[in-house]
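Worksheet for the structure shown next.
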Amino acid sequence: MFCPKCGQELPDDVARCYSCGEPVEHLQATGPVQQRPPLTPIPSNLVWAILTTLFCCLPFGIVAIVYAAQVDGKTASGDYAGAREASNKARTWSFVAFLCGLIPMIIYIILIVIGVLAGAADHNF
Numbered sequence: 001m002f003c004p005k006c007g008q009e010l011p012d013d014v015a016r017c018y019s020c021g022e023p024v025e026h027l028q029a030t031g032p033v034q035q036r037p038p039l040t041p042i043p044s045n046l047v048w049a050i051l052t053t054l055f056c057c058l059p060f061g062i063v064a065i066v067y068a069a070q071v072d073g074k075t076a077s078g079d080y081a082g083a084r085e086a087s088n089k090a091r092t093w094s095f096v097a098f099l100c101g102l103i104p105m106i107i108y109i110i111l112i113v114i115g116v117l118a119g120a121a122d123h124n125f
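Now the structure itself:
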């Protein structure tokens with residue numbers, strides 16, 4: 001069963017959606033359950049994945065790109081829960097790649113500042 005508001009896949013015995021809190025009606029379906037498209041489009045996070053791949057951390061950025069590329073295909077095929085999951089994973093891996101690029105940059109800047117300050121202290125007469 002799927003939430004009528006956000007499209008999240010849910011077990012058959014729940015009364016409310018875990019993601020959005022929407023009450024879920026239990027319908028007896030004769031065929032496969034159709035998912036309704038979510039009210040807001042699902043972001044692919046592809047731009048962030050590409051930027052973090054180029055400027056931060058290549059391995060984690062590639063993982064983010066793979067997940068981001070899956071979002072539009074899953075949305076087009078009607079798998080909104082899968083598209084939302086791929087979008088969340090793309091965002092997570094983009095953030096991890098960003099941190100893996102940012103932390104060494106901050107350490108490098110701190111070491112440069114320490115080196116400049118130590119060099120300046122040696123030249124005082």
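The numbering of the sequence shown is this note's numbering, which starts it at 1 and goes up by one.
Beta carbons are placed, not taken as given, at the ideal position from N, Cα and C, and that holds for glycine.
This structure is a prediction, so every number in the text was calculated from the model and none was measured.
Taking residue i as the reference, which of the options has the closest Cα?
i	options	result
Ala81	Asp122, Glu9 and Ile109	Glu9
Pro41	Asp122, Gly119, Ala49 and Ala76	Ala76
Pro43	Val63, Leu51, Gln70 and Glu25	Gln70
Cys100	Asp12, Leu54 and Ser19	Leu54
Ser87	Val96, Ala97, Lys74 and Tyr18	Lys74
Phe98	Pro4, Ile65, Thr52 and Gly78	Thr52
In the DSSP output, what is residue i paired with across the bridge?
i	result
Arg16	Pro23
Glu85	In DSSP, Glu85 forms no bridge with anything.
Phe2	Glu9
Can you give the beta carbon distance from residue i to residue j, rounded, assuming they're within the 8 Å contact cut?
i	j	result
Gly61	Arg36	That pair is no contact at about 33 Å.
Leu46	Ala68	4 Å
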